[in-house]
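Residue numbers (my numbering), protein chains in the order written: chain A, 158 to 405; chain B, -14 to 183.
Note that beta-carbon positions come from the ideal geometry of N, C-alpha and C, so glycine has one too.
Report on one structure; see the data block that follows.
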């Protein structure tokens, strides 16, 4: 976006918030459903003084991510490189990819109980399919003619992996890691909302049930900002590493 | 597939990858899209673990030879098709091989670029004196560039003629309208006019 476009967007958002504030103060909005932005801001301030509310979500999501990424990519690479195995298992992966993972949450609670391992396991389960698909797509994106060129110039198998496969796959790998993180955060939040005694998801559910709207909206803003920040950070790395993909 | 026996400068061996003896240039430039021009040219040296400063120096020399001085840090997508093919030629030359294999290297370029690169190849040849094995379907290109044209039949590919091109060097564009040029072209054409490309 150009500078004046950003200015217009910012002005629009501020204008809407101002209108909301004015309507709420004039009593034109139901304060129990739509409290004034200033009230939400105060609640957000109180929430930010206790950053540990996000800790549970952050730690769980990170743990699930660290397990799911290497596992998913390894499965993806194997399915892409071993023809027989890929033909056998890829339809299954495709099928499971399309199934909403949330329906399995009760099963995970039955197996693991409401616990941190349950949340991590469910996070891994939700995330891993994106990474398997990403791993397959990444391998398939490697141009075979570049492998031929390196062979002609005497590259060893290891050199072909390091010099051709890795750089060619990097943008797609990062892209699937980013998508995986989005799925992952959603999964852990769902666990916290559905059956947990702690964490921001649990609080969102509780505040919603108790009609504590300022707190609820403050939590929504907080989670949204945190998720967008993670997403944008990964996208920045991705565009750095993938600059060569631009076509002139 | 069995590896055929080839002899290069009198030394015969089974043909496999011979990166230090043979530079290969393909129909497409096939550059690594994430590497700059100079890193692409230095790539064969990197595979051989030549120290960085040494290989970049050699690559810069080759880029200068192929007329790309000043474009060292450009990525392939920032260069034209003809320039990318020049980078590929520089990459083929960087290990100072005895032989340059060129498989229809200018086939995917427009006519103008093709002519210019043909002259460039002659200039590079006159400076380096490499043996160049050049595959082409263009009669003009064959007669204009070569000392010797080996005519192959289509399916099975047998040698049907071996034409010595006795045009003087350096070649010039004016020669392509000379009588001798026409006679040579005609001789080759008689062999291949019935063999439709399939």
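Quiz item: So the alpha helix (DSSP H) residue 200 of chain A belongs to, where does it begin and stop?
Solution: Unbroken alpha helix (DSSP H) run through residue 200 of chain A: 194 to 205.
Exercise. Mind the definition here: the stretch 102 to 115 of chain B touches the stretch 59 to 79 of chain B only if three or more C-beta pairs lie below 8 Å; say whether that holds.
Key: Counting Cβ pairs under 8 Å, three or more are found: they touch.
Exercise. Give, in chain order, every unbroken run of the alpha helix (DSSP H) that is at least 4 residues long and sits entirely within the stretch 27 to 103 of chain B.
Key: Entirely contained in the stretch 27 to 103 of chain B, the alpha helix (DSSP H) runs reaching 4 residues are, in chain order, 37 to 50 and 66 to 78.
Practice problem: Anything in chain A within Cβ reach of residue 19 of chain B, meaning under 7 Å, just list it in chain order. | Solution: In chain order: 324 and 401.
Practice problem: Kindly say whether residue 32 of chain B, judged by its beta-carbon, lies nearer than 9 Å to any beta-carbon of chain A. | Solution: Among the residues facing chain A, residue 32 of chain B is included, as its CB has a counterpart in that chain under 9 Å away.
Quiz prompt | Buried/exposed call for residue 360 of chain A, threshold 16 Cβ in 10 Å | solution = Buried: at least 16 other Cβ atoms inside 10 Å.
Practice problem: At 7 Å on the CB atoms, spell out the chain B contacts of residue 312 of chain A, in chain order. | Solution: In chain order: 32.
Practice problem: Check the Cβ of residue 316 of chain A against every Cβ in chain B and list those closer than 8 Å, keeping chain order. | Solution: Against chain B, the beta carbon of residue 316 of chain A has neighbours under 8 Å at 32, listed in chain order.
Quiz item: Which runs of the alpha helix (DSSP H) fall wholly inside the stretch 338 to 401 of chain A and span at least 4 residues, in chain order?
Solution: Complete alpha helix (DSSP H) runs here, min 4: 356 to 366 and 370 to 398.
Self-check item: Any C-beta of chain A under 9 Å from that of residue 183 of chain B
Solution: Residue placement at residue 183 of chain B is flagged as unreliable, the pLDDT there being 47, under the threshold of 50; the coordinate-derived value follows with that caveat. Output row for residue 183 of chain B: interface = no.
Self-check item: Straight-line gap, residue 162 of chain B to residue 11 of chain B (C-alpha atoms, nearest Å)
Solution: Cα to Cα, residue 162 of chain B sits roughly 29 Å from residue 11 of chain B.
Quiz item: For residue 248 of chain A, which residues of its own chain have a beta-carbon under 6 Å away from its beta-carbon, when the five flanking residues on both sides are left out?
Solution: Counting only Cβ-Cβ distances below 6 Å, and skipping sequence neighbours, we find nothing.
Quiz item: Quick one: does residue 320 of chain A have its CB under 9 Å from some CB of chain B?
Solution: Residue 320 of chain A belongs to the set of residues whose beta carbon lies under 9 Å from a beta carbon in chain B.
Quiz prompt | Supposed contact pair residue 29 of chain B and residue 401 of chain A - C-beta distance, whole angstroms, cut 8 Å | solution = Contact between residue 401 of chain A and residue 29 of chain B does not hold, since their C-beta atoms are separated by about 20 Å, which reaches or exceeds 8 Å.
Quiz prompt | Min CB distance residue 40 of chain B to chain A below 9 Å | solution = Judged by the 9 Å Cβ criterion, residue 40 of chain B is not in contact with chain A.
Quiz item: Are there 16 or more other CB atoms within 10 angstroms of the CB of residue 364 of chain A, so buried, or fewer, so exposed?
Solution: Answer is buried; the Cβ neighbour count reaches 16.
Exercise. Check each residue of the stretch 40 to 65 of chain B: if its Cβ is closer than 7 Å to any Cβ of chain A, include it; give the result in chain order.
Key: Going along the stretch 40 to 65 of chain B in chain order, one finds 60, 62 and 63 with a Cβ nearer than 7 Å to chain A.
Self-check item: Residue interval of the alpha helix (DSSP H) (run including residue 314 of chain A)
Solution: Looking at the DSSP string, the run of the alpha helix (DSSP H) that includes residue 314 of chain A is 314 to 317.
Quiz item: In chain order, what residues of the stretch 365 to 394 of chain A put their CB closer than 8 Å to some CB of chain B?
Solution: Under the 8 Å Cβ criterion, the stretch 365 to 394 of chain A contributes no residue.
Practice problem: Tell me whether residue 175 of chain A sits in a helix, a strand or coil according to DSSP, three-state version. | Solution: Reduced to three states, the DSSP call for residue 175 of chain A is helix.
Quiz item: Buried or exposed: which applies to residue 178 of chain B, given that a residue is buried once 16 or more other Cβ atoms fall within 10 Å of its Cβ?
Solution: Exposed is the call here.
Practice problem: Counting only the same chain and skipping the five closest in sequence on each side, list residues whose C-beta sits under 7 Å from that of residue 128 of chain B. | Solution: Non-local beta-carbon contacts of residue 128 of chain B in its own chain, meaning distances under 7 Å to residues more than five positions away in sequence, involve 134, 150, 166, 169 and 170 in chain order.
Quiz item: Nearest to residue 46 of chain B by CA position, among B/27, B/145 and B/34, is which residue?
Solution: With distances taken between Cα atoms, residue 46 of chain B lies closest to B/27.
Exercise. Anything in the stretch 290 to 303 of chain A with a Cβ closer than 9 Å to a Cβ of chain B? List those residues in chain order, please.
Key: Flagged, chain order: 300, 302 and 303.
Quiz item: For residue 347 of chain A, which option in A/380, A/195, A/230 and A/388 has the closest C-alpha, if you only look at C-alpha atoms?
Solution: Closest in C-alpha terms to residue 347 of chain A, from the list A/380, A/195, A/230 and A/388, comes A/380.
Exercise. Alpha carbon to alpha carbon, how far is residue 240 of chain A from residue -3 of chain B? Give it in angstroms, no decimals.
Key: Approximately 38 Å, taken between the alpha carbons.
Self-check item: Contact check, residue 229 of chain A vs residue 292 of chain A, beta carbons under 9 Å
Solution: Contact flag set, yes.
Quiz item: For residue 8 of chain B, does the three-state DSSP call read helix, strand or coil?
Solution: In the structure shown, residue 8 of chain B sits in a strand (DSSP, three-state: E or B).
Quiz prompt | residue 147 of chain B - containing beta strand (DSSP E), residue span | solution = Start and end: 144 to 149.
Quiz item: Do the CB positions of residue 33 of chain B and residue 311 of chain A come within less than 9 Å of each other?
Solution: Going by C-beta atoms, residue 33 of chain B is nearer than 9 Å to residue 311 of chain A.
Quiz item: Anyone know if the C-beta pair for residue 235 of chain A and residue 245 of chain A falls short of 9 Å?
Solution: Annotated as distal: residue 235 of chain A and residue 245 of chain A, with beta-carbon spacing of 9 Å or more.
Quiz item: Measuring CA to CA, which of B/146, B/97 and B/84 is closest to residue 118 of chain B?
Solution: Residue B/84 is the option with its Cα nearest to residue 118 of chain B.
Self-check item: Closest by C-alpha distance to residue 213 of chain A, when choosing among A/354, A/382, A/397 and A/387
Solution: Ranking A/354, A/382, A/397 and A/387 by Cα distance to residue 213 of chain A puts A/354 first.
Quiz prompt | Alpha-carbon to alpha-carbon, residue 144 of chain B and residue 54 of chain B | solution = Residue 54 of chain B and residue 144 of chain B have their alpha carbons spaced roughly 40 Å apart.
Quiz item: Is it the case that the Cβ atoms of residue 324 of chain A and residue 197 of chain A are separated by a distance below 9 Å?
Solution: Taking 9 Å as the Cβ cut-off, residue 324 of chain A and residue 197 of chain A do not qualify as a contacting pair.
Self-check item: Chain-order list of residues whose beta-carbon lies under 8 Å from that of residue 23 of chain B (same chain, five-residue window excluded)
Solution: The residues are 41, 44, 45, 48, 57 and 58.
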